[in-house]
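A.B. asks: With the numbering used here applied, the sequence shown covers 86 to 514.
Below you will find the structure I want to go over with you.
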Amino acid sequence: MRDWGKESVRRHAEARGKLEVVPKVPVRGREDFSIWYTPGVAGPARAIAEGGPEKVNELTWRWNTVAVVSDGTRVLGLGDVGPHAALPVMEGKALLFKVLGGVDAVPIVTNLRGLDELVSLVKALEPSFGGVNLEDIESPKCFALLERLREELDIPVWHDDQQGTALVVLAALLNAFKLVGKDMRKAKIVLFGLGAANYSVLRYLKVYGVDTGNVMVVERPGIGILGPNHPRLEEFRSRAPHWYEASLITNREGLEGGPEEAFRGADAVIAASKPGPDTIKPEWVRLMADKPIVFALANPVPEILPERALKAGAYVVATGRSDYPNQVNNSLGFPAVFRGALSSWARKISDGMCIAAAEALAGHAEERGLRRDYIIPSMDDAEAYVKEAWAVAEAAYAEGLARRREPLSVVKEEIREMIMRARPESLKH
């Protein structure tokens, strides 16, 4: 088996960073220096000072630039490895922003750990950026950080481990339920683990109209199935507010126990917990309803390997890996969501914009023809990103969140041009 980690270290050492700053405008001599810098640059500075913050989007790169911010407290599956170790991951995120969405992104890692410190840092950086992508920040801090910044900033703020995962999961789940011929809104769905990802999945399921009383949340041993009658409910209120909130809206029947009890009769399970391959047991899958759906999203090893889940009776299986069919990966979400939000000059990324993105992703895959091994587009499908970004921009205009004055048709043309221009030829089909 190919050692991707070892090869990646070698290639990173050769490149000494995945990003560099390249001029966007011609610099052919002293006349251009006079335009792009002094004395000419005083003109744009004066125009912004007199025209207000909105003017900066017309005259600088801010409108298309995102800060990718991390404190290094929850990096991939490595845990709290610190900001220096987080930097190559944030560089990689910035690379995907550009290649997949035509978005300029700047990795920013910080030694700050406190919630208030992080809020102050991002707010202080706001004049330089048109949007903020929070990345690899531990829970439950990440929940409060996202909500505070969404309230206090007037630019799009996004936490990819929350909104990004939930958006792509929802898109894949919509098509999986179409394949099995069941009504997702009435289905029994198990969330296996309730970290940042599945907490947002639960929220998006609720926004989409799923009856969350039929949702079962299973946490680690000793916690078991959450619900309104859980014996440690009051403890959750202060210790783990996301468990507390989930307990109040799930498990209407007050089911107790662990995975076996939760899986019995379930139509779908969405696992975002610790890597496998035996975190989910085949015998639990056998307890599920007819044509069960299993999303095992842990990386680098799914909670249950797809071949074992299929052998146990799963009808549709998805993972977070590219070497299996049905890869549920955040990279299908954030580049297009920010492309649509930035091109429309949106003030926020709303739940409505995210739901529109999920529906666009699902719809594009359905147009291509759904199969058990194809429920969601792949990362090399450029048209999927275009349609998703269009849907986000349309929602921003419809919800009154867009500051862009041009017609939506102009924005759509720009979206397609920027996505296609940024992609290598091999990824434009």
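Quick reminder that beta carbons are idealized off the backbone N, C-alpha and C, glycines included.
(1) Considering just the uninterrupted stretch of the beta strand (DSSP E) at Trp243, what are its terminal residues?
(2) Exposed or buried, which one is His315 when buried takes at least 16 other CB atoms within 10 Å?
(3) Whose C-beta lies closer than 6 Å to the C-beta of Leu257 among residues of the same chain, with five residues either side of it excluded?
(4) Could you spell out the range, first to last residue, of the alpha helix (DSSP H) harbouring Pro492?
(5) If you draw a straight line from the alpha carbon of Val354 to that of Ile274, how long is it in whole angstroms?
(6) Considering Cα atoms alone, identify which of Arg233, Ser494, Cys227, Trp89 is closest to Asp245.
(7) What residues are listed by DSSP as bridge partners for Ala381?
(8) Between the stretch 393-401 and the stretch 208-226, are three or more C-beta pairs nearer than 8 Å?
(9) Look at Ile310 and Gly342 and say whether their C-beta atoms are less than 8 Å apart.
(10) Buried or exposed: where does Asp189 fall if 16 or more other Cβ atoms within 10 Å of its Cβ makes it buried?
(11) Consult DSSP for Pro192 and reduce its assignment to one of helix, strand or coil.
(12) Going along the chain, which residues of its own chain have a beta-carbon closer than 8 Å to the beta-carbon of Asn260, five neighbours each way excluded?
(13) Would you check if the distance between the CB atom of Glu498 and the CB atom of Ala421 is smaller than 8 Å?
(14) Whole beta strand (DSSP E) runs in the stretch 198-256 with 3 or more residues, listed along the chain?
(15) What does Gly164 pair with, by DSSP beta-bridge criteria?
(16) CB-CB under 7 Å to Val386, same chain, minus the five flanking residues each way: which ones, in chain order?
(17) Give the secondary structure of Tyr409 by DSSP, where H, G and I count as helix, E and B as strand, and everything else as coil.
(18) Can you list, in chain order, the residues of its chain whose CB lies under 7 Å from that of Gly187, leaving out five sequence neighbours each side?
(19) Along the alpha helix (DSSP H) that carries Ser93, what are the first and last residues, could you check?
(20) Can you name the residues that DSSP bridges to Ala152?
(21) Under 8 Å by Cβ, that's how I've got Ala63 and Val477 pegged, so tell me the actual separation to the nearest angstrom.
(22) Using a threshold of 8 Å, state whether the C-beta atoms of Thr335 and Met373 are closer than that.
C.D. replies: Walking through what the data contain:
(1) 242-244 is the span of the beta strand (DSSP E), which, as asked, contains Trp243.
(2) With a threshold of 16 other beta carbon atoms within 10 Å, His315 meets it and is buried.
(3) One point to set straight first is that residue 257 is Ala, not Leu, in the sequence displayed. Around Ala257: Ala403, Val413, Ile460, Ile461.
(4) Segment: none, Pro492 is in no alpha helix (DSSP H) and carries neither H nor E.
(5) Roughly 6 Å between the two C-alpha positions.
(6) With respect to the C-alpha of Asp245, the residue from Arg233, Ser494, Cys227, Trp89 having the closest C-alpha is Cys227.
(7) Per DSSP, Ala356, Thr404.
(8) With a cut-off of 8 Å, the stretch 208-226 and the stretch 393-401 do not count as touching, because too few Cβ pairs lie within range.
(9) Taking 8 Å as the Cβ cut-off, Ile310 and Gly342 qualify as a contacting pair.
(10) The residue in question, Asp189, is buried, as its Cβ has 16 or more Cβ neighbours within 10 Å.
(11) Of the three classes helix, strand and coil, the one that applies to Pro192 here is strand, per DSSP.
(12) Excluding the 5 residues flanking it on each side, Asn260 has same chain C-beta neighbours closer than 8 Å at Ala447, Ala450, Glu451, Leu455, Ile460, Ile461, in chain order.
(13) Contact flag unset, no.
(14) Counting only runs of 3 or more, we get 216-219, 242-244.
(15) Partner(s): Val160.
(16) Result list for Val386: Pro360, Gly361, Pro362, in chain order.
(17) In the structure shown, the three-state DSSP call for Tyr409 is coil.
(18) Result list for Gly187: Arg424, Met503, Ile504, Arg506, Ala507, in chain order.
(19) Segment 89-100, the alpha helix (DSSP H) holding Ser93.
(20) In the DSSP output, where bridge partners are listed per residue, Ala152 has Val191, Val217.
(21) The question about residue 63 has no answer here: the residues shown for the chain are numbered 86 through 514.
(22) Cβ distance not < 8 Å, so Thr335 and Met373 don't count as in contact.
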